[in-house]
Amino acid sequence: MTNIVLLLILLINFYALGTARLVAGIRAVALQGALLALLPPLAHGLHGHTLFLTLVSLSLKGLLIPWLLQRAIREVRIRREIEPLIGYVPTLILGTLVTVGSFLFSDFLPLAPEHYRSLFIPAALATLFSGFLLLMTRRKAITQVLGYLIMENGIFIFAVLLAEAMPLTVEAGVLLDLLVATFVMGIVMNQINREFAALSTRSLTALKE
Amino acid sequence: MLGSVLLHLLVLLLFAPLLLGVITKTKAAFAGRVGAPLLLPYYDLARLWRKGFVLSQTTSWVFLAGPAVGLVVPLLAALLLPLGPLAAPLSFRGDLILFVYLFALGRFFTATAALDTGSSFEGMGAAREVSFSCLAEPTLFFVLLALARCGNSLTLNGMLGGHLAALWASTTGAALALLVVCLLVLLLVENSRIPFDDPNTHLELTMVHEVMVLDHSGPALALIHYGAALKLMVLGALIVRLLLPFETGQLALDLTFFLVGLLLLAVVVGVIESTMARLRLPRVPQVLVGTSLLSLFALVLILR
């Protein structure tokens with residue numbers, strides 16, 4: 331069951347890398363967040379701590395942040411990423427290479443014996459790198475936020491492995507950081523849009539005359 | 047040996063056109079129509095077979111070889127593939143490569159027959175068909191390699207044996223599900239169905255496969271349609287066998303189970319065709335590359 335959830339998360343990575351439509355991308359990331367929320371109880375059994383993690387990550391990653399993003403793109407009226415730095419097919423190929431690479435790499439890591447050959451570590455690494463790839467290859471601020479969210483999801487998968495050892499406050503802090511970051515990005519997006527009438531971060535690198 | 051070959055071919059030849067009928071019926075049901083009778087593909091074949099033949103003077107023997115090869119190739123490929131409980135009559139190490147390239151041979155002859163007419167329109171169709179299929183080929187290879195690794199065997203018979211039922215329950219089940227998805231996409235591409243190509247379209251700009259057979263008439267067209275139905279059934283048999291590898295031991299019961307599985311697959315194809323729009327032409331290679339990557343990913347999951 332855990333493996334199927336992790337596999338779906340990996341497939342969503344591919345989908346997010348390959349899609350041009352922003353709404354579809356946001357929905358994919360929301361679904362990924364909701365699937366992530368299933369992981370703590372599946373990995374550690376159902377009790378107070380895991381239930382709390384599930385509820386918080388479901389409401390934040392699955393509902394609140396996607397809702398904020400949806401609202402942001404409704405305000406700035408954009409539908410799709412027009413010109414990525416690297417095309418969709420090359421990004422997909424890179425994404426697969428990265429995923430395969432993280433599968434090979436995780437076999438060499440000195441892991442605790444109960445984590446050996448589990449899908450957790452490779453899935454976490456692959457999600458991390460896919461998010462990074464999305465962050466690097468797209469120009470629109472909103473897709474970059476999506477990349478950032480996927481990256482954070484990868485870190486979350488790692489954290490689930492440690493959910494027993496990690497105090498609740500650390501996790502709460504991470505989730506709060508994420509929410510604040512999304513807020514800030516939303517404001518930045520609005521500002522970029524107001525200044526340049528487009529949501530491309532490329533305009534930010536040009537010098538003022 | 048001869049008996050099993052005959053039984054294999056008989057099942058294939060008799061059953062294949064019914065799948066097309068089921069697809070049409072499903073699409074009609076979605077559109078709220080009664081639809082053509084289920085057995086219409088059979089009547090169509092019989093009608094075409096009785097008709098006359100028009101041959102352009104610019105064509106050579108290649109033009110007639112296209113439909114003939116198109117019919118023979120799925121028959122040969124079917125002999126290498128187990129049809130549900132019926133084990134493949136021909137089986138040797140590495141027959142999966144022959145299986146893949148038999149289809150490539152059929153495609154080569156269809157494309158050359160289209161080019162043989164000298165029509166630039168048919169040349170365009172041939173170019174599209176060939177470029178799609180060269181993107182689809184890696185998927186089939188990755189899927190077959192993954193299955194070969196699962197079954198520890200290089201024959202299609204061994205790969206699609208009874209061990210699959212146990213594999214579905216184990217952790218490899220998720221990877222097998224990915225393989226099924228890849229094969230389904232492959233089935234739609236290879237048989238030129240929506241969302242990759244529309245077998246019913248006659249709008250010049252959007253035709254892919256249908257363009258290539260425009261100049262064929264009468265019995266030659268019947269051969270092409272029959273060949274297409276057989277191809278659908280052969281590739282469908284691969285999916286159904288992978289998806290429902292359960293056997294009770296009674297041949298008649300298992301065979302019925304398998305054929306019902308094929309009919310369900312035809313219904314699924316019909317549902318996909320009624321609920322999806324056609325992809326834009328530049329999107330098709332993108333989707334096909336994505337499918338290849340998916341199958342590669344499934345292979346990595348199985349290999350580790």
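Chains as they are written, first to last, in our numbering: chain A, 331 to 539; chain B, 47 to 350. Virtual Cβ for every residue (Gly too), placed ideally from N, Cα, C. Note that the coordinates shown come from a computational prediction; the quantities given were computed from them, not determined experimentally.
Taking residue i as the query, report the chain B residues whose CB atoms sit under 7 Å from its CB, ordered along the chain.
i	result
PHE433 of chain A	VAL346, ARG350
THR429 of chain A	PHE343
VAL419 of chain A	GLN332, VAL335
Along chain A, in chain order, which residues have C-beta atoms closer than 7 Å to that of residue i?
i	result
ALA220 of chain B	ASN333, ILE334, LEU337
THR217 of chain B	ASN333
Here's a check: name, in chain order, each residue in its chain whose Cβ is nearer than 7 Å to the Cβ of residue i, leaving out the five neighbours to either side.
i	result
HIS445 of chain A	ILE451, LEU491
ASP243 of chain B	VAL254, HIS255
LEU424 of chain A	LEU463
SER238 of chain B	PRO245, VAL254, HIS255
LEU347 of chain A	THR421, LEU422, GLY425, SER460, LEU463, LEU464
THR156 of chain B	GLY112, GLY116, MET258
List the residues of chain B that residue i touches, going by C-beta distances under 9 Å, in chain order.
i	result
ILE423 of chain A	VAL335, LEU339
Assuming residue i contacts residue j (C-beta within less than 8 Å), just tell me the rounded distance between them.
i	j	result
ALA172 of chain B	PHE109 of chain B	Wrong, their Cβ atoms sit about 13 Å apart, outside the cutoff.
PRO128 of chain B	LEU276 of chain B	Incorrect: roughly 16 Å between the Cβ atoms, too far for contact.
VAL146 of chain B	PHE187 of chain B	6 Å
PHE292 of chain B	PRO131 of chain B	Their Cβ separation, rounded to whole angstroms, is 10 Å, which puts PHE292 of chain B and PRO131 of chain B out of contact at 8 Å.
PRO366 of chain B	HIS209 of chain B	Any property of residue 366 of chain B remains undetermined from this structure, which presents chain B solely from 47 to 350.
ASP141 of chain B	THR201 of chain B	5 Å
PRO370 of chain A	ALA493 of chain A	5 Å
LEU465 of chain A	VAL359 of chain A	About 13 Å separates the two Cβ atoms, so there is no contact after all.
ASN343 of chain A	ILE480 of chain A	7 Å
GLY273 of chain B	LEU117 of chain B	4 Å
CYS228 of chain B	VAL189 of chain B	5 Å
THR163 of chain B	THR217 of chain B	Not a contact, Cβ separation roughly 53 Å.
ASP90 of chain B	HIS248 of chain B	Actually they are not in contact, since the Cβ atoms of ASP90 of chain B and HIS248 of chain B sit about 16 Å apart, beyond 8 Å.
Strictly below 8 Å CB to CB, what residues from chain B border residue i?
i	result
GLY348 of chain A	GLN332, GLY336
THR426 of chain A	LEU339, LEU342, PHE343
ASP507 of chain A	Chain B residues near ASP507 of chain A: none, gap ~31 Å exceeds 8 Å.
In the DSSP assignment, find the alpha helix (DSSP H) that holds residue i and state where it starts and stops.
i	result
THR201 of chain B	Where THR201 of chain B is concerned, there is no enclosing alpha helix (DSSP H), given that its DSSP letter is neither H nor E.
LEU251 of chain B	Neither: LEU251 of chain B is in no alpha helix (DSSP H) and is coded neither H nor E.
ARG404 of chain A	395-406
MET481 of chain A	471-491
LEU60 of chain B	48-77
THR163 of chain B	Premise fails: THR163 of chain B is in no alpha helix (DSSP H) and is neither H nor E.
ARG93 of chain B	86-96
VAL259 of chain B	Looking at the DSSP string, VAL259 of chain B is not in any alpha helix (DSSP H), and its letter there is neither H nor E.
ASP300 of chain B	297-321
ALA123 of chain B	107-126
ARG357 of chain A	352-374
ASP437 of chain A	418-438
GLU236 of chain B	219-236
MET466 of chain A	450-467
GLY348 of chain A	332-348
SER341 of chain B	329-349
ALA211 of chain B	209-215
PHE299 of chain A	Because residue 299 of chain A is not part of the residues shown, which for chain A are 331 to 539, the question remains open.
Please list, in chain order, all residues of the same chain as residue i whose beta carbon is under 6 Å from its beta carbon, the five residues on each side excluded.
i	result
LEU122 of chain B	LEU148
VAL51 of chain B	PRO135
ARG153 of chain B	SER179
ILE416 of chain A	THR467
LEU269 of chain B	PRO113, LEU117
Excluding the five sequence neighbours on either side, which residues of its own chain have a C-beta within less than 8 Å of the C-beta of residue i, listed in chain order?
i	result
LEU509 of chain A	LEU390, LEU394, ILE395
MET170 of chain B	VAL257
PHE433 of chain A	PRO452, ALA456
ASP437 of chain A	ARG447
LEU398 of chain A	THR512, PHE513, GLY516
VAL68 of chain B	LEU84, LEU309, ALA312, VAL313, GLY316
HIS54 of chain B	ALA124, LEU125, LEU129, LEU132, ALA134, PRO135
ALA62 of chain B	TYR272, ALA275, LEU276, LEU278, MET279
Contact between the segment 300-316 of chain B and the segment 280-292 of chain B (3+ Cβ pairs under 8 Å) | yes
Below 8 Å, can you find three or more Cβ-Cβ pairs linking the segment 220-237 of chain B to the segment 331-347 of chain B?
-> yes
Does the segment 423-442 of chain A come within contact of the segment 500-507 of chain A, defined as at least 3 CB pairs closer than 8 Å?
-> no
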